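Everything in the sequence shown is counted per the numbering used here, starting at 423 for the first residue and increasing by one. Here the structure is laid out as structure tokens; the discussion comes afterwards.
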Amino acid sequence: MILITGGAGFIGTNFLLDWLLQSDERVINLDALTYAGNLENLNSLKDDSRHIFVQGNICDSTLVASLLVKYKPRAIINFAAESHVDRSIQHPEEFIQTNIVGTFRLLEITRTYWNELEHKAKQKFRFIHVSTDEVYGSLESEEEAFDENHRYEPNSPYSASKAASDHLIRAYHHTYGLPVLTTNCSNNYGPYQFPEKLIPLIIINALADKPLPVYGDGQQIRDWLYVKDHCAAIRKVLEAGAVGETYNIGGNNEKLNIDIVRSICTLLDTLSPHINGKSYQQQITFVADRPGHDRRYAINSRKIENELGWKPKETFETGIYKTLQWYLDNQSWTHNIQSGTYRDWIDKNNKEHAL
423 MILITGGAGF IGTNFLLDWL LQSDERVINL DALTYAGNLE NLNSLKDDSR
473 HIFVQGNICD STLVASLLVK YKPRAIINFA AESHVDRSIQ HPEEFIQTNI
523 VGTFRLLEIT RTYWNELEHK AKQKFRFIHV STDEVYGSLE SEEEAFDENH
573 RYEPNSPYSA SKAASDHLIR AYHHTYGLPV LTTNCSNNYG PYQFPEKLIP
623 LIIINALADK PLPVYGDGQQ IRDWLYVKDH CAAIRKVLEA GAVGETYNIG
673 GNNEKLNIDI VRSICTLLDT LSPHINGKSY QQQITFVADR PGHDRRYAIN
723 SRKIENELGW KPKETFETGI YKTLQWYLDN QSWTHNIQSG TYRDWIDKNN
773 KEHAL
């Protein structure tokens with residue numbers, strides 16, 4: 423049995439669904455069901471005895487301890503996090519609590535649990551911490567991509583909170599010997615992504631004939647990783663990663679934000695054209711840039727490729743096509759997830775960034 427945190431969120435959902443397609447090993451899924459956690463994602467597992475859902479927060483030490491004692495998982499994979507930069511700028515304390523305090527409490531309870539395991543189980547136990555490339559800061563156009571030895575230079579409350587959690591993970595390995603591994607991934611996209619992030623936001627706004635907001639000049643560069651490739655990489659790290667090590671996971675797809683938006687528009691012009699024949703590109707709207715917006719991220723994935731034999735299967739072209747088709751086929755999901763709270767936040771953010 424394994425325990426995952428944040429299994430009703432975007433990456434956690436995809437990991438859980440893929441895991442149970444490939445394994446009969448049971449999963450305890452601990453999720454606080456904040457605005458980005460959605461049990462509808464897991465409807466297909468409603469009657470699956472391999473999936474044990476528990477609503478709760480990683481800051482709740484008593485609850486986490488009781489789950490470890492009851493189920494005795496062989497591994498913990500920590501997906502739980504506040505993850506949207508814009509929200510971290512407006513409400514940084516939530517990010518401090520979940521990403522730093524939550525990780526600390528999870529580590530403390532895990533350390534107690536791990537110390538009490540019998541020798542063989544203790545040797546096999548693993549704690550995987552899922553992090554981000556944003557902890558490394560911003561790259562200039564000519565700089566080499568982030569590798570695992572790149573200096574940490576976080577520039578937003580979100581990335582600073584994730585950097586702090588990464589440091590806690592490292593410290594608990596070096597101080598207490600806890601068998602941890604850290605993964606730092608590039609921008610994920612794919613099914614079930616909450617529509618505050620760029621790709622689902624553009625898809626949903628396009629289909630609703632709303633403006634497609636692009637920050638600043640749209641020349642920010644990101645490396646894009648299809649979420650199911652990311653999940654496969656995490657499974658590799660759990661299976662064969664070296665304890666105490668960090669593995670960078672990227673999609674080898676550096677793209678300008680404006681090019682991402684235009685690619686989606688071009689695909690939609692073919693897959694779901696406007697009745698009046700206009701191009702979706704006419705909806706593109708440039709808005710005031712995000713404060714402290716990092717210019718470029720890029721991931722060097724050679725370590726995980728060379729040591730663990732993982733490579734992304736999807737190109738950006740194949741991955742974005744699958745993603746767009748999923749959103750077209752699941753418009754009831756997107757309708758249901760856009761609660762009043764979500765709409766209020768989007769409206770507030772749009773007003774702040776209006777030119």
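We put the CB at the ideal spot given by N, CA and C, even for glycine. For clarity, every value in this text was computed on a predicted model and none was experimentally measured.
Limits of the beta strand (DSSP E) - the one that residue i falls within
i, result
"residue 685", "Unbroken run through residue 685 is the alpha helix (DSSP H), 679-693; no beta strand (DSSP E)."
"residue 669", "668-671"
"residue 606", "602-607"
"residue 522", "Element bounds for residue 522: n/a, residue is neither H nor E."
"residue 427", "424-427"
Selection from the options that minimises the alpha carbon distance to residue i
i, options, result
"residue 430", "474, 423 and 446", "474"
"residue 536", "599, 510 and 741", "599"
"residue 576", "730, 742 and 714", "714"
"residue 719", "679, 726 and 750", "679"
"residue 751", "722, 721, 655 and 693", "693"
"residue 458", "592, 506 and 486", "506"
"residue 572", "676, 579, 578 and 554", "554"
"residue 753", "630, 519 and 497", "630"
"residue 496", "424, 685 and 760", "424"
"residue 559", "578, 548, 541 and 549", "578"
"residue 582", "426, 685 and 510", "510"
"residue 516", "574, 450 and 584", "584"
"residue 609", "716, 478, 444 and 563", "716"
"residue 428", "442, 460 and 651", "460"
"residue 591", "562, 615, 570 and 549", "549"
"residue 545", "602, 651 and 623", "602"
"residue 781", "501, 563, 695 and 606", "Nothing about residue 781 can be read from this structure; the chain reaches only from 423 to 777."
Beta-carbon proximity of residue i to residue j, cut-off 8 angstroms
i, j, result
"residue 653", "residue 440", "yes"
"residue 635", "residue 707", "yes"
"residue 552", "residue 621", "no"
"residue 663", "residue 730", "yes"
"residue 520", "residue 543", "no"
"residue 666", "residue 589", "no"
"residue 567", "residue 728", "no"
"residue 462", "residue 748", "no"
"residue 580", "residue 556", "yes"
"residue 586", "residue 522", "yes"
"residue 489", "residue 476", "yes"
"residue 518", "residue 486", "no"
"residue 712", "residue 637", "yes"
"residue 726", "residue 628", "no"
"residue 438", "residue 451", "yes"
"residue 604", "residue 668", "yes"
In DSSP terms, what residue i is bridged to
i, result
"residue 624", "Answer is none; residue 624 lacks a bridge partner."
"residue 643", "678 and 718"
"residue 475", "451"
"residue 550", "499 and 603"
"residue 634", "706"
"residue 610", "647"
"residue 568", "721"
Residue i - containing alpha helix (DSSP H), residue span
i, result
"residue 435", "432-444"
"residue 784", "Residue coverage of the chain in this structure runs from 423 to 777, which leaves residue 784 outside it and unanswerable."
"residue 458", "Segment: none, residue 458 is in no alpha helix (DSSP H) and carries neither H nor E."
"residue 589", "579-598"
"residue 756", "753-759"
"residue 510", "507-512"
Problem set entry | the stretch 671-688 / the stretch 633-648 touching (three or more Cβ pairs under 8 angstroms) | yes
Exercise. Pairing CB atoms from the stretch 462-482 with CB atoms from the stretch 520-540, are three or more of them under 8 angstroms?
Worked result: The stretch 462-482 vs the stretch 520-540: in contact.
Exercise. Between the stretch 433-442 and the stretch 725-738, are three or more C-beta pairs nearer than 8 angstroms?
Worked result: No, the stretch 433-442 is not in contact with the stretch 725-738.
Exercise. Are at least three pairs of beta-carbons, each pair with one atom in the stretch 659-667 and one in the stretch 694-707, less than 8 angstroms apart?
Worked result: no
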